[in-house]
Every structure is written in structure tokens, then in C-alpha cells.
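Chains as they are written, first to last, in numbering that gives the first Met the number 0: chain A, 0 to 215; chain B, 0 to 215; chain C, 0 to 215; chain D, 0 to 215.
We put the beta carbon where it would ideally sit given N, CA and C, even for glycine.
The next block holds one structure in the form of C-alpha cells; read it before the comments.
Number of protein chains: 4
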Amino acid sequence: MKPKIAKPAKKYPRDSAATKARILDAARTEFAKSGLRGARTASIATRSDANKRMIYEYFGNKEGLFEAVLEDAWRDIREAEQRLHLADLEPVEAMRTLTRFTWDYYVKNPFFIALVNSENLHRAVHLKKIKDRVGEMQSHMIDMIAAILTRGVASGAIRQGIGPTQLAITIAGINYYYLSNRHTGSVVYGYDLMSAEARAKRLAFNIETIDRLLRP
Amino acid sequence: MKPKIAKPAKKYPRDSAATKARILDAARTEFAKSGLRGARTASIATRSDANKRMIYEYFGNKEGLFEAVLEDAWRDIREAEQRLHLADLEPVEAMRTLTRFTWDYYVKNPFFIALVNSENLHRAVHLKKIKDRVGEMQSHMIDMIAAILTRGVASGAIRQGIGPTQLAITIAGINYYYLSNRHTGSVVYGYDLMSAEARAKRLAFNIETIDRLLRP
Amino acid sequence: MKPKIAKPAKKYPRDSAATKARILDAARTEFAKSGLRGARTASIATRSDANKRMIYEYFGNKEGLFEAVLEDAWRDIREAEQRLHLADLEPVEAMRTLTRFTWDYYVKNPFFIALVNSENLHRAVHLKKIKDRVGEMQSHMIDMIAAILTRGVASGAIRQGIGPTQLAITIAGINYYYLSNRHTGSVVYGYDLMSAEARAKRLAFNIETIDRLLRP
Amino acid sequence: MKPKIAKPAKKYPRDSAATKARILDAARTEFAKSGLRGARTASIATRSDANKRMIYEYFGNKEGLFEAVLEDAWRDIREAEQRLHLADLEPVEAMRTLTRFTWDYYVKNPFFIALVNSENLHRAVHLKKIKDRVGEMQSHMIDMIAAILTRGVASGAIRQGIGPTQLAITIAGINYYYLSNRHTGSVVYGYDLMSAEARAKRLAFNIETIDRLLRP
DNA sequence: CATGAATGAGAATTCATTCAT
DNA sequence: TATGAATGAATTCTCATTCAT
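Right under this line is the structure:
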């Protein structure tokens, strides 16, 4: 009765790695936009041109998928940091570079902040399952900062006594907070926190803050 | 047939304002724990010794309730700030006091951070509806900080050129970020960020950061 | 805390008959607009400047109220018919007058059609409870029509053999159907069935139909 | 713990078109019996041996389902009319046939009247969404009646000046009204309007009415 | 590997009705 | 008589997950 319209040719070949990657991408976007609870598996399936069954095939369930997304995101930022080769820079400049990088990364990859906030809402239960891997990545970063501080103290460019973890948290925090709260901030302050001008001003202020924190 | 368990005597008199307040309290807790999406109206009704129907009677729907909670939370922190009477303090000490207060408030009222993060996930759509009221509260705070900065610059205790909004954001950020990310942080750094020792260390570091930011 | 605004003086005195009447009026409107199922007791309470408790006080429950409304409506149309004094008119003219009256009544009191349709959806369970009273009213009307027909046959103005009930149903039907289906009709015929022009045309057609039905 | 009652073997294969059709059938019955508001999606799901979720999958929501039912019903009666091939009949006989058909259709498919009454209660909002399709069907019918009238006038069997839409409305109305109000009518007239005898009498009266309306 | 159909357990929301004052 | 608060039982709708092909 109903004439069967020929379906358009399938877009994607049977390539499990590619399908998995597309699902991961779509999930990252969806989780960032809506959080773990608010994300829809149906939406992820549609966005990824896959189908719901595949999510379960590859990731077990929605939480498994969230964990995968989270680990992937964590690895991505830490690896990008490694590529800065801060060890090759003069200590204070290295810290400025790290500050700039952190800001830029958060700006260009807003999913990172959203994912981390979601995970904190869930008391880090997913991250705990992969704590060995993310813990190691984090250690690398702290070690790198510690080495730079040591160099800076030795050269007299940086004051003594700064804890590398505290510094790392501050560098992340001053960038993260502004961007994480860009929507509420724009409302309560009454101007667009994300205009080019506002962003430039904030980044400059943050670099100044770090400079002064390091200064002997 | 069904054995009737004697219900506990009704705890509360018929007082609509009180019921409304109990619902608001319960909702704050629930939204902070689970976010807007994850919060359950049934759970809020139970926690508040009220009835699901009452939520709709007084707040329209779940989002209306969330808005009420958000406005209440915003008002609470801003009013608590007012009670610090920073104008009566010496400028640098005023900023230290504000920093300490912010830290303590976030520690004692963790719902605030959770609510704000939720609201940012939702791109501040709820806050926008009450932007006039929260905007005004925020202006008061910025004006207050500006006045302190002016006094500090005049006395020579504070350097020139610090924007009050940037400073406010930094004071909030260095405290907020650490506490907002306490769960993921504890996992990736491998120690309890909320131990008394860790907290004391962090607060001291934050005060130092602000001190150095203000110093001429 | 909350300043108590003095309420406006109560609009209505404690007059049970008046309150009851206001509720009945409001209920008629609400039931006509939304049907028995769709009507809201809260809305009826508001419309009548009474309160929900009063509905239960006076009418037992929503269905009791519907029955009261139905009986009231039935009585109203039958009483209005009585006031036409058709017995005083020439037979054919009497039928034309009845046709015109029926049309006008339905036009001016659209709630009647809506209530009757609702009641038929509910298989007349409510009307059954008051069948003695409405049955008697209906008998009066049929008797009156029968008398007119007898007079008309005697005078030669009306053909023999027309059943008064069949005639009554036809007179009602050709008017009722058009008005009951005015919304769907306007959609499927593509013009406003309720424009002054359309209404005049329809009434004329209906009178012609009855004329020809009676004609020897 | 809970004794597992063996479920009856699944009755239907996974055939989305068939499931959709079963839901539509069940919905027609349910809407006819209870109206749009009174119909229960749970009941429709049960009747159709489907699942509530499927209703939403295929029809969006309850109103979408109602629209689908309405369009289907409209199409059905208009298509059945087409199958009468009235154009092949002598004009007056064609009108008698249409009158008989209309009566029979309403008797055999009482859901049609119930649906149309429901839709009028809702001011035709659903029909408006599909007005193009139903409008076209209706035009076909009116054109067909107009053609018959023209033929009848030419042959002298039918008087001049009868509007096809008015005639269509009268044919529908005299049948529809009696059947739509069969419950209230049976109560107020005190006899079963749907007995075989009563039905035969009414149909004959209606044919007579149309005959006389057409007669030159 | 892939797909679309199906499901059941909730979730928010609604509403008639009753209670306490 | 009147009122506003409270309630519990539905009711619509949603969603992660599994099944059949």
C-alpha cells in the first residue's frame, strides 16, 4: 500500500572504531550541553549518525559513555599542556604561557568545564573509576610546574615557598571561574562577559595576578 | 484489609508561609545535590513534609521553584556580605575579610556553588527572569568594593588601576574553583582537598594571592 | 515580615441562594466551554466569586453540579417556548415562529447545545436522574405541537399524518446541527458559518424546509 | 518473590504500520466513548495491544493522536460517499440514496458523531491543522451534490434555487441530530429512539423531508 | 555490525475532594 | 457560611534500555 521510498545510501561503512569515535564526539557535546542527567541517549545516537544500540554495544550504558567522555577530555587537556614544552621556557614566561593556554583551552573547548562541573555534581564517582590514569596525568603536570618553580627560585625570578599544586589550582581557578560562570555573570553584571574586549581584559588581569603571585 | 499504620501526628499547622519556606529549604538541598534535571519533586515534597501538590500551588512548577531557590540564594550571600560592614575596615583588611568570608560562605553553604553551576549549565535562563533584582544586589557589592579600592589608593595601601569587577571575580574565583571542584580535585590530586589542613592552607594561599594583587 | 495587605472588602454577603445562583451560572459557562470532564472546579469557584468548598456544600460534587446545570438549562428553553404562546397563532405561522425561536435560542444560548452534547457523550446518565421533570416539560411541548398540527390539518393548512415528535425533532435538528457544528463546518466549508449573512441564509432555508414539510 | 504469571505469547509481529493502525483503531473507540479529555492513553495502549510509549512515538501526544483519528474518520465517510456513485443515479433517487447512506453510516459508525462533537467542543482547533485535506474532500462532496441538483433542475425533477451546501447540511443535520441526541432524546421522550421501529420511522420521515425539499 | 520496534519504570503535573480554622 | 490549605489518586509524558530482525 505505502510505496517504499528508497532510503538514502548509508553514510558510514561498518567501521567500529569510527562509529565509536563519532559516538564519543556526539556524547561530549550532549553531556556538555545538558549534563549527565539531562543528556539524551536518543540525541547522542542521532548526532552521531549511529543508533542507540551501538552506544550500549560500545560503552555499556549512559554512565559508561560519560566515563569515556570524561577520560578523553582529561587526556586531551593534559596532552595539550605537554605540547607547550614549558620546560624550554624561562620560568615566569612559562607560567604566563600556561595561564594563557588554560584560558584559551577553556574558551575553545567549553565542554571541558561543563563536564567537570557535571562530574563534581556527581561527587566524582565516574572519575574515581579512572583515577589511576587521570591521577598520573595530573602528577605529570604538577611535577612540571614544580620543576619550573625550582628553576625560577634558583634564578631569583620567582619567590620561594610557592606550592606547585596551589599555584596550579590558582591558575586554573582564575580562568575557569570566569568562563564557567559566564552566563550568570553576564546577567548579574549586566554586560557580555564573552565580548572580545571583556575577554582580553580578563586574560590580562589573570596574567597580572599570576605575575604578582610569583614575584619575589 | 490493609493494616492501617497510625500516621505520625501532623507536624505542622496550616501555615502557608511556613509551608512555602519548608519547600524552599528542601528544594535548595535537593537542587544542590542533584541539579535541576536530577532533582525530584517527590523528594522535595517528602523532605519538606509537604505535598507535591503544594509545590505547584506555590511555585507553579519545578522551574519556578528553582528560580525561587536561586533568587533566595543570591539574596542570602549578598545580604551576608552587607553584614560584614567592610566600609568600617582598613582597605586591605577589608579585602582579606571579604576573601575569608567568601571562602567560609562557600564552605558552609555548598548549595550556592551547586546552584550557580546548575544555572550556568542552563545558560542562566532562570536568573535572567530575575535579573533586575540580582543585578541590583551585585551592583551594591561592586560599588562597595570600588569604594574600598578608592580609599586604599588614597591611603597608598593599594595600587592604582585595579578594576573592582575584576577583583571581585578573582576573589570569588580562587575560592569557588577549589570548592566547586573538590571532588574531582581530590581524585586527581590523590588527597582530600577538604581536610582541615588542606582547607587552611588553601585559604592562606588565597589571602596571599589577594594581598599581592593589591600591593602597590 | 511580609506586610499584610488589607484585602478588598468581601464582594458578596452571606446569602446562600445568591451564592448558589452564581455558582450555577459559572458552572454553566465552564461546562459549556470545556465539557463535564474538562471543566475545572477551581475555575468554577473563581468565576463565581465563591470557593470550591461551596460547590460541595450546595451540589455535593462536580456531577451533582452538572445535573443542576442541565436541569436548569432544560427548564429555561422549555419555559421560553411556553412564552411564545404558539396556541394563539395561525398553525403554519406557529411552526415558523417555533423554528425561528429555536434558532435564536441556540444562537443566543450556545451553552445549551454544548451541555446536551456533553450529556450525550455521557449516555444521558445525569438526565436520567431527573427524567421525570424533564420528561414532563418535553411532553408539554409535544402536546402543544400536536395541538397545532391538529388545528392545521382541520383548517387544511397542514397535511395529515405528521408525527409531532418527528416534527419537533426535525425543527430542532436543522437548527441544532448547523450551530453545533459551526466550528468544524467553518473549517471544512472554508467560510464563516456564523457571519450575519450566512446565519440569515440558513434560517431562511430552515423555515422553507419546515414550510414544505407541512404543506399538504 | 512475586509469582510470575506466564504472559500470553506476543500477539503481533514487529510491524510499525500495523501497530500504528491498531493504536488508531483503539483511539477512535476511546475518543468516541470519552471525548478528547476523558480518553485515557493507558486505555488506548491496552486496547491496541501496544504500549503507551508507542503512542508518543507515532503520534507525538494525545492531541496528535486525536488529529490523526479525526482525519482518518473524515476521510472514511467522504470516501464511502464516493463509492455510492450518485452521479449514476436519477437525481431525486440520488438524494434519497445519500440520505439513506448518511443515516446508515452514522448508525454503523457512531464514533463519527462523537468525534465531531468533541472537535466542536474544542472549537475545531485540530481540524484546522488539516483543513486543506478535509476542505478538499468536502468540496468534492458539494460539487457532486451541485451536479446532481443541476441535472435534476434540467429534467424538471427538482426545483430551482436550492444551494448545494444548504442541502448537504440539511441532509446531514436531520440524520445527525437524532442520532447524536439518542441518549437524551430517549430519556426526555420516554422511549428508545434506537429501537428498530423507531429508527425505521425516523429514516422514512427524513427521506420524506428531503423529497419535499427538492420537489418543484 | 546495524537498525528500528518495543518496553517498563518512573517523572512531572493535574484535579477533585476534604480538612482545619 | 466561608476560606485557604492540604491531600492522594490519577494522568500525561519521558527515557534508558532491551529485543527481534
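Would you give the residue range spanned by the alpha helix (DSSP H) that C:N50 belongs to?
Segment: none, C:N50 is in no alpha helix (DSSP H) and carries neither H nor E.
Does the count of Cβ pairs from the segment 153-169 of chain C and the segment 149-169 of chain D closer than 8 Å reach three?
At 8 Å Cβ cutoff, the stretches do not touch.
Which whole-angstrom value describes the C-beta separation of A:L114 and A:A26, a residue pair presumed to lie in contact below a C-beta threshold of 8 Å?
Not a contact, Cβ separation roughly 10 Å.
What's the call for D:N60, buried or exposed, on a 16-neighbour Cβ count within 10 Å?
Flag for D:N60 reads exposed.
Can a CB atom of chain A be found closer than 8 Å to the CB of B:H182?
Answer yes: the Cβ-Cβ gap between B:H182 and chain A drops below 8 Å somewhere.
Between A:N119 and chain B, is any beta-carbon pair separated by less than 8 Å?
Interface residue, yes.
Within 8 Å of any Cβ in chain B, is that where the Cβ of A:L85 sits?
Not one chain B Cβ lies under 8 Å of A:L85.
Skipping 5 residues on each side, what residues in its chain have a beta carbon closer than 7 Å to that of B:A49?
The answer, listed in chain order, is T18, R21 and I22.
Give the range of the alpha helix (DSSP H) segment to which C:H84 is assigned.
Per DSSP, C:H84 belongs to no alpha helix (DSSP H) and is neither H nor E.
Tell me where the alpha helix (DSSP H) around B:A46 begins and ends.
The amino acid occupying residue 46 of chain B in the given sequence is Arg; Ala does not appear at that position. From DSSP, the alpha helix (DSSP H) with B:R46 extends over T40 to R46.
Compare the C-beta of C:A8 with all C-beta atoms of chain D and state if any pair is closer than 8 Å.
Reliability of the predicted coordinates at C:A8 is poor, the pLDDT of 39 falling under 50, and no value is obtained from them.
Which class does D:R150 belong to by DSSP, given the choice of helix, strand or coil?
Here D:R150 sits in helix by DSSP.
If we cut at 8 Å on Cβ distances, does A:Q137 have a partner in chain B?
Chain B, which has a Cβ nearer than 8 Å to the Cβ of A:Q137, makes this yes.
Measure from the alpha carbon of B:I173 to the alpha carbon of each residue in B:W102, B:H125 and B:K127, then state which is nearest.
Here the closest residue by C-alpha is B:W102.
Nearest chain B C-beta to A:S179 closer than 8 Å, yes or no?
True, the Cβ-Cβ gap to chain B drops below 8 Å.
C:A195: buried (16+ other C-beta within 10 angstroms of its C-beta) or exposed?
Label assigned to C:A195: exposed.
Checking contacts by CB at 8 Å: is C:G63 closer than that to chain D?
Output row for C:G63: interface = no.
Using the C-alpha atoms, what's the distance from A:L202 back to B:V106?
In a straight line, the C-alpha of B:V106 is about 27 Å away from that of A:L202.
Does DSSP classify B:P163 as helix, strand or coil?
Looking at B:P163 - three-state DSSP - the assignment turns out to be helix.
Between which two residues does the alpha helix (DSSP H) carrying B:D210 extend?
Its alpha helix (DSSP H) spans residues A195 to L213.
Does any residue of chain A bring its CB to less than 8 Å from the CB of B:M0?
Residue placement at B:M0 is flagged as unreliable, the pLDDT there being 30, under the threshold of 50; the coordinate-derived value follows with that caveat. For B:M0, the answer is no, since every Cβ of chain A falls outside 8 Å of its Cβ.
Please list, in chain order, the residues of the segment 142-153 of chain D that have any C-beta partner in chain C closer than 8 Å.
Answer in chain order: no residues at all.
Would you please verify whether the beta carbon of B:Q81 is less than 8 Å from any beta carbon of chain A?
Cβ-Cβ to chain A under 8 Å: no for B:Q81.
Any beta carbon of chain C sitting closer than 8 Å to that of D:D99?
This sequence places Arg at residue 99 of chain D; Asp is not what is there. D:R99 does not count as touching chain C.
Do the segment 124-141 of chain D and the segment 66-81 of chain D meet, that is, are 3 or more Cβ pairs less than 8 Å apart?
Contact between the segment 124-141 of chain D and the segment 66-81 of chain D is present, because at least three Cβ pairs lie under 8 Å.
Please name the residue, chosen from D:G189, D:S42, D:M136 and D:Q159, that lies closest to D:D24 on a Cα-to-Cα basis.
For D:D24, the nearest C-alpha among the options comes from D:S42.
Examine chain C for any beta-carbon lying closer than 8 Å to the beta-carbon of D:R27, and answer yes or no.
Chain C, which has no Cβ nearer than 8 Å to the Cβ of D:R27, makes this no.
Taking just the CA atoms, how far does C:S117 sit from A:R36?
Spanning the two alpha carbons is a distance of roughly 44 Å.
Might you give, ordered along the chain, the residues of its own chain that have their beta carbon closer than 7 Å to the beta carbon of B:T28, omitting 5 neighbours on each side?
Around B:T28: R46 and F110.
Among B:L69, B:I168, B:Y188 and B:T164, whose alpha-carbon lies nearest the alpha-carbon of A:A167?
That would be B:Y188, whose Cα lies nearest to the Cα of A:A167.
Considering only the alpha carbon of each residue, which of B:Q165, B:F204, B:T183 and B:N205 lies closest to A:N119?
Ranking B:Q165, B:F204, B:T183 and B:N205 by Cα distance to A:N119 puts B:T183 first.
With 16 other CB atoms within 10 Å as the buried threshold, where does A:E66 fall?
Label assigned to A:E66: buried.
Determine the contact status of A:Y175 and A:I112, defining contact as a CB-CB distance below 8 Å.
Taking 8 Å as the Cβ cut-off, A:Y175 and A:I112 qualify as a contacting pair.
What number of angstroms, rounded off, separates the C-alpha of A:R74 from the C-alpha of A:V124?
Roughly 18 Å between the two C-alpha positions.
Under a CB-based cut-off of 8 Å, is A:M58 close to chain B?
First, the residue type needs correcting, since residue 58 of chain A is Phe and not Met in the sequence shown. So, not an interface residue.
Taking all protein chains shown into account, do 16 or more other C-beta atoms lie within 10 angstroms of the C-beta of C:Q159, making it buried, or fewer, making it exposed?
With fewer than 16 other Cβ atoms within 10 Å, it is exposed.
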